[in-house]
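Trainee:
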Amino acid sequence: MLNEQELIDGCRKSDRASQRALYDRYCRKMMVVCLRYSKTTAEAEDILQEGFVKVFNGLKDFRQESKLETWITRIMVNTALNAQRKKLYLYPMVDVQEIDLPEEELSISGIHFTQLLEMIQALPQGCQIVFNLFAIEGYSHKEIAEQLGISEGTSKSQFARAKSLLQKRLAKESTYYERYGEAKI
Amino acid sequence: MNDMERRKFEEGFKDAFKDAEVSPSENVWTNIELDITRAEGGKMKQRLLFYKLLAAASITFALCMVGVDYYSDNKGIEVNEIALSENTVQGRSRTNGRAQTENSVRAIDSATPSVVTESAEVSPEFKTEQTPTSTSPSTTFIGSENYHVAASDLNDENTLPDRNASNTLYTDKSTPFATDGNSNVVFISPDENFNDMADRPLPSLYTSSVKHPQYVTGQSVADPVALMFARLKDLERELSGEKKDKKSRSAEQLWTSVGFSAGSFNSVNPNVSPPSNQTMARTNQTVNRQAKASGTAYSLGISVGTKLAERWVIQGGVNYLTQLSDYTTDEAIGSSNLESFKAASLNEFKAGIDNKVISTAPYTVNTSVRFISVPVQAGYLIVNKKVNVLLNAGVSTDMFLQNTVDPEGNGLETTTQGHGDDSPYRALNFSGLVGTELSYRFADRYRLSLNPGLRYPFNSIYKDNVGVDATPLTFDIGLRFRYIFK
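As you go down the protein sequences, you meet chains A and B in turn.
Under our numbering, the first residue of the first sequence is numbered 17, with each subsequent residue one higher.
Under our numbering, the first residue of the second sequence is numbered 83, with each subsequent residue one higher.
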């Protein structure tokens, strides 16, 4: 099995076998990233495809200052954001009214990621992106605002709305579990 | 809900997705591969564009050379015409006098910008009566700026024409030529009285513009006709030298050359038929990649050429041609007992149905297809000088030798496919050749040439029953060393 450096070197030489090996190594993780930013599997696969082409074309410029996986993830997120920008233009994000968050924080431990993925995909476009960027990618609201061309306040309110919707959904799910006494997944 | 709890909620999501994996469909990789191939094709196109531009530049250069050649030829004709006219001057003016010298005057009058002399012979019949300044060491220009006489050649008094100081008209009784004070050259019939002639205005037909007033107003004077004859002698010498040079060039009748060329090839519109059996169905993708593979081409060979006519040549020879390419596959061909494995390639798919196709991790397969090529080309010499530019076109008979398949995967055997009934390759192919040859004769019997050219097979390199069409278009640049027999 090729190590990361050998993979990078092979891809830089446009060696198709190395490219395939790199794809095989990271495609499943990256598919999850793409799914988080899209509504359907087909949409996610389009982003994945475009992202990997960018990865192969851009590997010669990869300075290896970060881990390869982190670099590829960043490319996937940027590709996803580019894909969603048109939609954001059509449905601009606006500040929402004060959100009443539930008093009790609901635990998500024990819930399979596919269930969480489904919840994230069900969020409105803007909320979905801001939630992903803030909660999972770890960007600050300021950085999100700069990336998406919105105000910091909008980012915050979108995140709050996303969180509220997710918690409502989680509450609904937990009620379901309590009632039927078995895990859904 | 406090901050810690909030962070816990977000961290929960982060952790949930940390090691999450979802397999995308196989189509994604296929599409990625297509995109990359297209991008590589774009690079190849850029490379091809470079070669095309190089070819265009060669042709432009060739056309420029043709233009220069044509221009110099025309100039030669002009000079010859002048020489002829001068002969007429001598003949007619002395016998028929003034009336028949119009054309001759025109001949002298013609600007003759190319006529340049470094020494001038002046008829000894001419004599000067005065003007020591006429032997001035300054150079005297006559007729045009390019037409001059070295002062040293004018120093001899005997070489200077007779000069009439009163009317500044120079004449010699034995010749019908004279010049007036207005820098004009005139013809005077030997029967006419010179002084009468000076008194009447000159007919415009008999005038010749001499642009340098110092010819008349200056102190040094030379007879233009004598100078013209001198110049013509020089020209004659130059022309005879040129003829010799041309003769030696045209003597380039038979030659042989040795050379090599390197370039790239890519399949133009490769076509793979839909799978006809189970084996082909599984391996169609591999076959497709092999047929579409582009790569580099090298050839090494010798050739012989001869001239058919002044500008037509024919050349033929023998070349050893190699086409290297690679493709990726995720299949291997196992023997019936699975003891040995070979790379998935068209050779193996065609070879036997007992073979077992197994899936593997992707690996690269290098192929090397070799031919013996016998090209015959006719060429037209668009420039035939020390630097030659030749346009070539012809056909090549390519005899397939073998295809070596060398997989990069571990434990896979390297195989070689020759020609024959079990081979997917045609034993004989015919290709069209087009190219240019830019050569330089650096010694009496040697030329070095640069040959950009295109090669395109008239038919697929695979047999018809294989169901794969591949016609690799090759562009290469060759370097040849030519020895000229005679």
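For glycine and all other residues, C-beta sits at the position ideal for the given N, C-alpha and C.
#1: Can you pull out the residues from the segment 446 to 460 of chain B whose beta carbon lies closer than 8 Å to at least one beta carbon of chain A?
#2: Where DSSP assigns a beta bridge to F563 (chain B), which residues make up the other side?
#3: Excluding the five sequence neighbours on either side, which residues of its own chain have a C-beta within less than 8 Å of the C-beta of T177 (chain B), listed in chain order?
#4: Drop a sphere of 10 angstroms on the beta-carbon of D40 (chain A), count the other beta-carbons inside from all chains shown, and report buried for 16 or more, exposed for fewer.
#5: By how many angstroms is the C-alpha of L309 (chain B) removed from the C-alpha of D316 (chain B)?
#6: Given R529 (chain B), which residues of its chain have a CB within under 6 Å of its CB, disregarding the five upstream and five downstream residues?
#7: Counting along the chain, where does the alpha helix (DSSP H) carrying I160 (chain A) start and finish?
#8: Could you tell me the distance, in whole angstroms, from the CA atom of D551 (chain B) to the CA atom of S427 (chain B)?
#9: Closer than 8 Å, CB to CB, is G94 (chain B) near chain A or not?
#10: With a threshold of 8 Å, are at least 3 pairs of Cβ atoms found where one atom belongs to the segment 129 to 142 of chain B and the other to the segment 80 to 91 of chain A?
#11: How would you list, in chain order, the residues of chain A whose beta-carbon sits under 8 Å from the beta-carbon of P489 (chain B)?
#12: When DSSP labels each residue in this structure, what does K568 (chain B) get in the three-state scheme?
#13: Mind listing the chain B neighbours of I152 (chain A)? Cutoff is C-beta to C-beta under 7 Å, in chain order.
#14: Between the beta-carbon of S385 (chain B) and the beta-carbon of Q397 (chain B), is there less than 8 Å?
#15: Beta-carbon of V548 (chain B) versus every beta-carbon of chain A: anything under 8 Å?
#16: Please compile the residues from chain B whose C-beta is within a distance smaller than 8 Å of the C-beta of E61 (chain A).
#17: Starting from A121 (chain B), find everything on chain A with Cβ-Cβ shorter than 8 Å and list it in chain order.
#18: Once you ignore the five residues that flank K374 (chain B) on each side, which residues in its own chain have a CB closer than 7 Å to its CB?
#19: Going by DSSP, which residues form a beta bridge with Y39 (chain A)?
#20: Against A425 (chain B), what residues of chain A qualify as contacts under a CB-to-CB distance less than 7 Å, listed in chain order?
#21: Have a look at the DSSP bridge pairing and note the partners of V447 (chain B).
#22: Specify, as a first and last residue, the run of the beta strand (DSSP E) that F147 (chain A) falls within.
#23: Report the CB separation of L132 (chain A) from I124 (chain A) in whole angstroms; it is logged as a contact under 8 Å.
#24: Run through DSSP, which three-state label would D254 (chain B) get?
#25: Please classify E430 (chain B) as buried or exposed, where buried requires at least 16 neighbouring CB atoms within 10 angstroms.
#26: Do we get a CB-CB distance below 8 Å when we pair D25 (chain A) with the residues of chain B?
#27: V48 (chain A) touches chain B at which residues, Cβ-Cβ below 8 Å?
#28: Using the Cα positions of F77 (chain A) and Q21 (chain A), report the straight-line distance between them to the nearest angstrom.
#29: Which term fits Y445 (chain B), buried or exposed, when burial requires 16 or more other beta carbons within 10 angstroms of its beta carbon?
#30: Buried or exposed: P258 (chain B), going by 16 or more other Cβ atoms within 10 Å of its Cβ?
#31: Just curious, the beta strand (DSSP E) that I31 (chain B) is in, first and last residue?
#32: Is G514 (chain B) near Y538 (chain B), with beta carbons less than 8 Å apart?
#33: Between which two residues does the beta strand (DSSP E) carrying G517 (chain B) extend?
#34: Within 10 angstroms of the Cβ of Q15 (chain A), are there 16 or more other Cβ atoms? Answer buried if so, exposed if not.
#35: Who are the Cβ neighbours of S441 (chain B) in its own chain at under 7 Å, not counting the five residues just before and after it?
#36: Which of helix, strand or coil does DSSP assign to R89 (chain B)?
Mentor: Put simply:
#1: T446
#2: B:V340 and B:L530
#3: A caution first: T177 (chain B) carries a pLDDT of 42, below 50, which makes its placement in the model unreliable, though a value can still be read off. Counting only Cβ-Cβ distances below 8 Å, and skipping sequence neighbours, we find nothing.
#4: exposed
#5: 11 Å
#6: S521, R523 and R564
#7: H157 to L164
#8: 15 Å
#9: yes
#10: no
#11: Result: empty, since nearest Cβ-Cβ is about 10 Å, beyond 8 Å.
#12: coil
#13: F95, K96 and F99
#14: yes
#15: no
#16: P106, S107, N109 and V110
#17: V69 and N73
#18: S349 and P352
#19: Per DSSP, none; premise fails for Y39 (chain A).
#20: Those within 7 Å of A425 (chain B) in chain A number zero; the least Cβ separation is about 12 Å.
#21: B:Y409 and B:P489
#22: No beta strand (DSSP E) contains F147 (chain A), which is instead part of the alpha helix (DSSP H) from Q141 to F147.
#23: 7 Å
#24: Model confidence at D254 (chain B) stands at a pLDDT of 44, short of 50, so the residue's coordinates are unreliable and nothing is read from them.
#25: buried
#26: no
#27: F99, A102, E103 and V104
#28: Per the sequence shown, the amino acid found at residue 77 (chain A) is Asp instead of Phe. Roughly 14 Å between the two C-alpha positions.
#29: buried
#30: At P258 (chain B), the pLDDT of 45 sits below 50, so the modelled position is not reliable; the number obtained from the coordinates is stated separately. Answer is buried; the Cβ neighbour count reaches 16.
#31: Because chain B here runs from 83 to 568, residue 31 (chain B) falls outside it and cannot be looked at.
#32: yes
#33: L510 to A525
#34: The question about residue 15 (chain A) has no answer, for chain A in this structure spans 17 to 201.
#35: D412 and E413
#36: helix
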